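Number 337 in the UniProt record's numbering belongs to position 337 of the sequence shown; there are no gaps in the numbering. Every residue, glycine too, gets a C-beta built ideally from N, C-alpha and C. Note that the coordinates shown come from a computational prediction; the quantities given were computed from them, not determined experimentally.
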Amino acid sequence: MDIYQFIPNLSLLYPELIITVLALVVLLADLVVSKSRKVIIAWITAIGLVTSLISSLPLIGVNETTFSGMFVCDPFALFFKIIFIAIGLITILLSISYINLEKIHLGEYYALLLFSILGMMVMAAANDLMIVYLGIELMALSVYALVGFLKHDLKSNEAALKYFVLGAFTSGVLLYGISLLYGETGSTNLEEIQKSLLTGDTSRTTVLAVVLLIAGFAFKIAAVPFHLWCPDAYDGAPTSVTAFMSVGPKAAGFAALLRVFIVGLIPLKDDWSILLWLVSAATMIVGNIMAVTQTNVKRLLAYSSIAHAGYGLIGLVAAGELIEINKTGIVFTESGKMSVCMVMFYMLVYTFMNLGAFGMVLLMRKNSERGDQISDFTGLARTNPFFAATMAIFLLSLMGIPPLAGFVGKFYIFTVAIHAKLYWLAVIGVLTSAISAYYYFLLIKAMYLDEPKENFQIFSSRSLAFAIIISLIMTVLIGIYPAPFLSFARESIFRLM
């Protein structure tokens, strides 16, 4: 027996190791840095994330496993790690001035942010259901604390408690599903599960395990009917945290969902495709219809976020329909690969347009007001036409209007749905996108047609404006020139399929 096979190759884990050390350094720095210079902690965090990004560059094209096959370093994981680091960097820029205004303690804030990103990275690289679960819990526990960071705000406390209770329950459901699947297949390794399911008959217990896994992941991506925590958590959390949790956990949830279902559970695609079809349709319908009645922008974007989870699920359902299984094994068709690629691309697109929209909500924050009502945006086009146009671009992109990134993302998602003959799902997607135009245009109308408030001033800082501009550039650039981003996503599914 070669003892070296049990020694992990830590060079594959440099991005995760750097973030782990960085989180500890941030906590220690908070103890020694004077109160007047606490902003240094934010820049230490940002520099550390950039270092983690640089350390991931030598891993481009690497396709190896470590920790006895439980952890994968492949282009798929690297794609999502880059997204998570980008989310972290933009969130830091959004947070620098805002957390001073809210009097949030910096050390724990940035450390929890880093631990949450670490959990997301683990989820994306996990090749074992137990590692997936550990990544989910590391991410979730950090986000629970971040949601309740406004200690003197009852709404924040209530949101954190609801999120924690429901999250703990669905974590138990997910763990129960993992235990059932282990009992049926004898392994938690995704590749071993695939082999076992290909050679054996599907039992009712296995189907129940799949249902429980779908329930657990649906909570993480805020899909119906496990979405009830989302509006309250988004509304009560500090707005910078809302921006982070609206994109980070969702992208991580989809990363884990894709690997688990495309690698481990693909032999059961006929079973989970039907369930995910229903979840996707319900998520698009409920998310968009509930958003119509909202007057609070954070709650409106929360229901919008729910709807976008439904659009992302279309790609996974299409992959299940297009991947073939025959006597020789699994055939990953080109169209099946493109379906997975489109989900990844959609997560990239969604990240920038949603972060930008929440950045604009932060911009409206005032000393005495939260600035998150639609009425707070009235007349913005007259008082600050640049930021009004910026918000309009983010909303039009979320709506799916060309030539913005959101249009490209939805176009390709609906295209793979039609290719997979999911005509009704594509129709539901198009119709619900049309419904979304109503509530997005309500906000645009308030900015351009309504009279501005007296003594109107936006809450602006260089870092906040920079974060919004970065999101704006990426939203427009991906819409106008999507080819390199699509190519990046396409090349990143090498090991997965």
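Assuming contact is defined by CB atoms lying nearer than 7 Å, are residue i and residue j in contact in what I supplied?
i           : j       : result
Ala-237     : Val-279 : no
Ser-471     : Leu-355 : yes
Ala-140     : Leu-27  : no
Thr-205     : Glu-192 : no
Gly-264     : Thr-283 : no
Tyr-176     : Leu-362 : no
Leu-422     : Ala-318 : yes
Phe-93      : Ser-492 : Rather than Phe, the amino acid found at residue 93 in this sequence is Leu. Contact flag unset, no.
residue 498 : Met-364 : Outside the shown range of the chain, which is 1 to 497, sits residue 498, and nothing can be said about it.
Ile-306     : His-227 : yes
Gly-379     : Glu-451 : yes
Met-344     : Ala-483 : no
Ile-266     : Ile-330 : yes
Ala-77      : Ala-124 : yes
Gly-312     : Val-416 : no
Leu-212     : Val-165 : no
Ala-465     : Phe-377 : no
Met-130     : Thr-188 : yes
Ile-444     : Leu-395 : yes
residue 500 : Ala-209 : Shown here, the chain extends from 1 to 497; a query on residue 500 therefore has no answer.
Tyr-448     : Ala-357 : no
Phe-217     : Leu-257 : yes
Cys-73      : Leu-59  : yes
Met-360     : Met-391 : yes
Ala-144     : Ala-126 : A quick correction: the sequence has Tyr, not Ala, at residue 144. No, the pair does not count as a contact, with Cβ atoms beyond the cut-off.
Ile-221     : Leu-275 : no
Phe-441     : Ala-255 : no
If we count the other Cβ atoms within 10 Å of its Cβ and call it buried at 16 or more, is residue i buried or exposed?
i           : result
Val-260     : buried
Val-147     : buried
Glu-64      : exposed
Tyr-439     : buried
residue 537 : Nothing about residue 537 can be reported from this structure: the residues present for the chain run from 1 to 497 only.
Ile-18      : buried
Ser-203     : exposed
Glu-321     : buried
Trp-424     : exposed
Lys-151     : exposed
Gly-61      : exposed
Ser-487     : exposed
Leu-24      : exposed
Trp-229     : buried
Glu-16      : buried
Asp-201     : exposed
residue 499 : Past the edges of the chain, shown from 1 to 497, lies residue 499, and the structure says nothing about it.
Val-292     : exposed
Ile-478     : buried
Thr-475     : buried
Gly-186     : exposed
Lys-103     : exposed
Ser-397     : buried
Leu-138     : buried
Ser-95      : buried
Pro-402     : exposed
Thr-242     : buried
Ser-304     : buried
Ile-136     : buried
Ser-142     : buried
Leu-13      : buried
Phe-149     : buried
Using a Cβ-Cβ distance cut-off of 7 Å, determine whether residue i contacts chain B.
i       : result
Phe-358 : This model lacks chain B altogether; it includes just one protein chain.
Check the DSSP bridge columns for residue i and list the partner residues they point to.
i           : result
Gly-183     : Its beta-bridge partners do not exist; DSSP assigns none.
residue 509 : As shown, the chain starts at 1 and ends at 497. That puts residue 509 outside it, with no answer to give.
Asn-189     : Asp-128
Gln-373     : Asn-296
Given 8 Å as the limit, is there contact between the region 268–277 and the region 333–347, that is, 3 or more CB pairs closer than that?
At 8 Å Cβ cutoff, the stretches do not touch.
Mind the definition here: the region 102–117 touches the region 375–390 only if three or more C-beta pairs lie below 8 Å; say whether that holds.
A contact between stretches requires three or more CB pairs, one per stretch, nearer than 8 Å, and the region 102–117 fails this requirement with the region 375–390.
Would the region 345–354 count as touching the region 247–254 if we require 3 or more Cβ pairs under 8 Å?
Cβ pair count under 8 Å is three or more, so yes.
Decide yes or no for the touch test of the region 289–308 against the region 228–235: beta carbon pairs closer than 8 Å, at least 3 of them.
Cβ pair count under 8 Å is three or more, so yes.
The region 46–55 touching the region 84–92, judged by at least three CB pairs closer than 8 Å
Flag = yes, the region 46–55 and the region 84–92 touch.
Quick check on the DSSP output: what are the complete alpha helix (DSSP H) runs of length 4 or more inside the region 17–101, in order along the chain?
Secondary structure within the region 17–101: the alpha helix (DSSP H) runs of 4 or more consecutive residues, fully enclosed, are 39–56 and 75–101 (chain order).
Every unbroken alpha helix (DSSP H) inside the region 273–346 [4 residues or more]
Counting only runs of 4+ residues, the alpha helix (DSSP H) found wholly inside the region 273–346 occupies 297–322, in chain order.
So does the region 60–80 actually touch the region 29–44, counting three or more Cβ pairs closer than 8 Å?
Under the 8 Å Cβ criterion, the region 60–80 does not count as touching the region 29–44, having fewer than three qualifying pairs.
Are the region 427–441 and the region 288–297 touching by the rule of at least three beta carbon pairs closer than 8 Å?
Verdict: yes, contact present.
Any chance you could list the beta strand (DSSP E) runs of at least 3 consecutive residues sitting entirely within the region 242–277, in chain order?
Listed in chain order, there is nothing to give.
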